[in-house]
Amino acid sequence: RQERLLVEHGLHEGADFLHAMAYDTHGPHHSSLQYADQCARQALDLGLPGHKVTLGLPFYGRYPQAGGEWKSYEDIVQKHHLSPAD
C-alpha cells in the first residue's frame, strides 16, 4: 500500500499531513468506525507520525440494498430539514 511506500522512501518527512480515505469499503457499512480505526492503526504501525495522519470522512450516504444508491450531504440535510443550529 501507499503508506508503506511513503515510509520506505522517506516521503512522509516532507509532508505536513498524510490523508487516509477511511471510507468506501465494500460490504454493508461503507464507513465504519472499525475501518477508520484500522486505517489509523495501519499508518501508525508502519511508522507514520500520528500528528500528521488525518482521516477522510464521507459527506454522503450510500444504501447498498438499493444497488449502491447514494445521497449527497446536501440531499440528507434537505430531506431531514436540518439546519446549522441542529
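Residue 1264 is where the sequence shown starts when you use the working numbering, and the numbers rise one by one after that.
Backbone N, C-alpha and C define an ideal beta-carbon position, used for all residues, glycine too.
Quick one: is residue i buried, meaning 16 or more other Cβ sit within 10 Å of its Cβ, or exposed?
i: Ala-1278; result: exposed
i: Leu-1274; result: exposed
i: Leu-1307; result: exposed
Of all the options the options, which has the alpha carbon lying nearest to the alpha carbon of residue i?
i: Gly-1319; options: Asp-1287, Gln-1265, His-1275; result: Asp-1287
i: Ala-1283; options: Ala-1303, Asp-1338, Arg-1325, His-1343; result: Ala-1303
i: Tyr-1323; options: Lys-1342, Gly-1310, Asp-1300; result: Lys-1342
i: His-1292; options: His-1272, Tyr-1336, Asp-1338, Tyr-1326; result: Tyr-1326
Which one or two residues does DSSP pair with residue i in a beta bridge?
i: Glu-1332; result: Tyr-1326
i: Leu-1318; result: Ala-1283
If I'm right that residue i touches residue j with Cβ under 8 Å, what's the distance once you round it to whole angstroms?
i: Leu-1350; j: Leu-1296; result: Since the first residue shown for the chain is 1264 and the last is 1349, residue 1350 is missing from the structure and cannot be characterised.
i: Gln-1305; j: Glu-1266; result: 6 Å
i: Ser-1346; j: Pro-1321; result: In fact, because the Cβ distance is near 21 Å, the residues do not count as touching under 8 Å.
Ignoring anything shorter than 4 residues or poking outside the stretch 1273-1314, list the alpha helix (DSSP H) runs there in chain order. 1296-1308
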